[in-house]
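All remarks here apply to the structure that follows.
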Amino acid sequence: MEWRWEFAFEILPRMLWATGNTLLAAGAGYLIAVVVGLLLMLGQRTRYRLINVPVREVVEFIRSTPLLVQLFFVFFVAPQFGITLSAWTSAMITIGLHFGTYLSEVYRGALEGVPKSQWEACRALNFSTAYTYRRVVLPQALPIALPGMGNYLVGIFKDTPLLATIGVAELMHTANALGAETYRYLEPYTMVGVIFLVISLPTAMGLRRLEAAVARAQGTVQQ
Amino acid sequence: MNYWDFLVEYAPKLANGAVTTIGVMVCATILAVTISLVFGLMRLSHSTAVQVTATVYIEFFRGTSLLVQLYWIYYVLPLMGLTLSPFVSGVMALGLNFGAYGAEIVRGGIQSVPRGQWEAARALNMSAAQRMRRIIVPQTFPLILPPAANLTVELLKATALVALITVVDLMFVAKQINATTWLSAQVFGTALIMYYIMARFALTPFLRWLEVVAARKVGKA
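Same order as they appear, the protein sequences are chains Y and L.
Numbered according to this note's numbering, the first sequence spans residues 325 to 547.
Numbered according to this note's numbering, the second sequence spans residues 1275 to 1495.
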C-alpha cells in the first residue's frame, strides 16, 4: 500500500480536530490528577493511622494495576449501580485517580527531599507551620517535584489513546473511524504517530528548560 | 449469581488469560533488556553516527504512544508486506517501547560509575571490551536495577494493551466475559486483583531479590 498525500490532506482537518480533544483530555486529566495527588499525599502524611494506612494501600493498588483495566472498570461498573457515566467522565475519573497516585509519590519525594535542618531552623526562628511551608519548604520542594510532574504531564498525554477504547473521540478513536470508513489505515495511524511526536518532543524539551529556569531562580545548581 | 459462583465458573478462564499475560511479559522483558543494553551503550559511543541513531530511536519510541506503536505494527506493517501474529506484534511493540526507556536507564547507570574505575581499568591495560564487561557493567547493576524494577512493573501493566490487538490475555478474557455476562464489577474487579497480585506479590519481590543479589556481587550488601 502506497502513501497517498491527497488522502492525508483530506483527513487532516478531522485529525487536527481530534488532536484538540486529545489535548483537552490530557490537560483536564492532568489538572484533576494534580489535585487528587495533593489530597492523596496529604492523606498519606497525616498522623492518623486510620487514614494513612488505607490511603497508602489504595495508592499502591492503583499504581500496580493497568490503566486500561481501570478504565473499563469505571466505565462498565458504574451502570451496574444505576449511575451512567459518559465516556468523558469515566476517562477523567480514571486518569485523575491513576496519575493522582503517581503525583502523590512525586510530591512526597519532593517534601522528603527538603533537608530536616530546614524545618529545625524554621522552628528555631519561631515560624508557624503554614509560614514554614509557604516561604521555606515549598519553594525548595518545587524544583525537586518539577521533573516528575513534567514527566507525568507527557505521560498522561501519551496514555490518552487508551480512551479511544471506551469511545472518547480523541486522535486514536478518529484514526480508527477513518480506517473503518475508508479501509486505509496507513495514513491515519502514521499521522497519529507523527502528531504525538510533534507535540511530545517540544513539550519535553520545554519542560527541561522550565526545570533549569526554576532551579536557577532558586539558586540551586543543576548539572 | 454470587461472587463465589462467579469465581468457580470464570476463574479458570481468567487464569488462562493470566498465563498469556505472563508469557507476553517475559518475552517483552527479554527483548526490552536486550534493546536497552544495545542502545544504552550506543548512546555512549564515540561515533557520532551510532550515537545519533540511538538517540533518534529512543526519542521516537519515547515520544509516541505505546498504543499507537502497537496499532502501527499490527495494522500498518501488514500493508507493507510484513504480517506478524498478534502475540509477536504485542511483544515487539512492548519490547521496542520499553527498550527505549530502558536504554536511558542503562546510559545513566554507566555514566554514574566513577571515573576512577575507568582510569584504573585502563591503567591495568584492559581492552575497552574487557573494561566494559568486567569492571563497568557489573558495577552498574546495583544502580540500574531499582529504576529498571519500576519499569518492569510498568511493562507488566502495559501488557494489558495487547488485548486490543486480540491477544487472548487476562484483559481480553475479562472483556469477553464482560460482554457475555455483564457482570462488570466482578470480572474487571477480579482482573484488577489478579494484576495486583502479579505485580505486588510475585514480580516486585523477585526484583527486590535481584537487587540484593546484584548488590552482594559487587560487595555492597
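Cβ coordinates follow ideal geometry from the N, Cα and C atoms, glycine included.
Everything numeric in this text was worked out from a predicted model, so none of it was measured.
Contact between the stretch 1450-1459 of chain L and the stretch 1375-1389 of chain L is absent: fewer than 3 CB-CB pairs across the two stretches fall below 8 Å. Annotation: the continuous alpha helix (DSSP H) that includes Y/H497 extends over L495 to T506. Y/V430 and Y/F405 have their C-alpha atoms roughly 34 Å apart. In summary, L/F1335 is buried, with 16 or more beta-carbon neighbours lying within 10 Å of its beta-carbon over all protein chains present. For the stretch 1407-1432 of chain L, the set of residues with a beta-carbon nearer than 9 Å to any beta-carbon of chain Y comprises V1427, L1430, K1431 and A1432, in chain order.
Measuring C-alpha to C-alpha distances from Y/I519 to each of Y/R508, Y/A499, Y/R532 and Y/V538 identifies Y/A499 as the nearest. A residue is called buried when at least 16 other Cβ atoms come within 10 angstroms of its Cβ; L/W1483 does not meet this threshold and is exposed. In the displayed model, Y/Y455 falls within a helix according to three-state DSSP. In the structure shown, the three-state DSSP call for L/W1456 is coil. Less than 8 Å divides the Cβ of L/T1426 from the Cβ of L/T1303. Only residues of its own chain outside the window of five on either side were considered, and among them S1310, F1313, G1314 and I1332 have a CB closer than 6 Å to the CB of L/A1377, listed in chain order.
By the C-beta criterion, the stretch 1275-1290 of chain L is judged not to be in contact with the stretch 1431-1441 of chain L, since fewer than 3 inter-stretch pairs fall below 8 Å. Under the Cβ criterion of 8 Å, Y/V393 is counted among the residues facing chain L.
Within its own chain, the residues whose Cβ lies closer than 8 Å to the Cβ of Y/A469, once the five positions on either side in sequence are excluded, are V430, Y431, G433 and A434, listed in chain order.
In the three-state reduction of the DSSP assignment, Y/R533 falls in the helix class. Contact of Y/Y513 with chain L by beta-carbon distance below 8 Å involves V1342, Y1345, W1346, Y1349 and V1350.
Contact residues of the stretch 509-535 of chain Y toward chain L are Y509, L510, Y513, T514, V516, G517, F520, L521, S524, L525 and A528 (C-beta to C-beta distance below 8 Å). Below the 9 Å Cβ cutoff, chain Y contributes E384, F385 and S388 as neighbours of L/R1474, in chain order. In the structure shown, L/N1276 falls within a coil segment according to DSSP collapsed to helix, strand and coil. Selection L/A1323, L/L1340, L/W1278 and L/V1447 evaluated against Y/D483 yields L/L1340 as nearest (Cα-Cα). Proximity of L/Y1470 to chain Y, defined by a Cβ-Cβ separation below 8 Å, is satisfied. Within the stretch 373-425 of chain Y, complete alpha helix (DSSP H) segments of at least 4 residues are found at 373-388 and 391-404, given in chain order.
Within the stretch 484-497 of chain Y, the residues whose Cβ lies closer than 7 Å to some Cβ of chain L are P485, L486, T489 and M496, listed in chain order.
Contact of Y/M325 with chain L by beta-carbon distance below 8 Å involves L1353 and M1354. Below 8 Å, enough C-beta pairs join the stretch 1473-1491 of chain L and the stretch 1407-1416 of chain L to call them touching: three or more.
Within 10 angstroms of the beta-carbon of Y/Y507 lie fewer than 16 other beta-carbons, which makes it exposed.
With its beta carbon at least 8 Å from every one in chain Y, L/G1383 lies outside the interface.
Residue environment analysis places L/S1386 among the exposed positions, since fewer than 16 neighbouring C-beta atoms fall within 10 angstroms of its C-beta. Cα atoms of Y/R540 and L/F1462: separation of roughly 47 Å, rounded to the nearest angstrom. If you compare the alpha carbons of L/L1353, L/C1301 and L/Q1325 with that of Y/L510, the shortest gap goes to L/L1353.
Residues of chain Y with a Cβ closer than 9 Å to the Cβ of L/M1445 are, in chain order, P390, L392, V393 and F396.
Identification of residues in the stretch 1321-1337 of chain L having a C-beta nearer than 9 Å to some C-beta of chain Y yields E1333, F1334, R1336 and G1337, given in sequence order. Taking a beta-carbon distance threshold of 8 Å, L/N1290 does not count as an interface residue toward chain Y.
DSSP, read as helix, strand or coil, puts Y/V492 in coil. It is roughly 22 Å from the alpha-carbon of Y/Q464 to the alpha-carbon of Y/A357.
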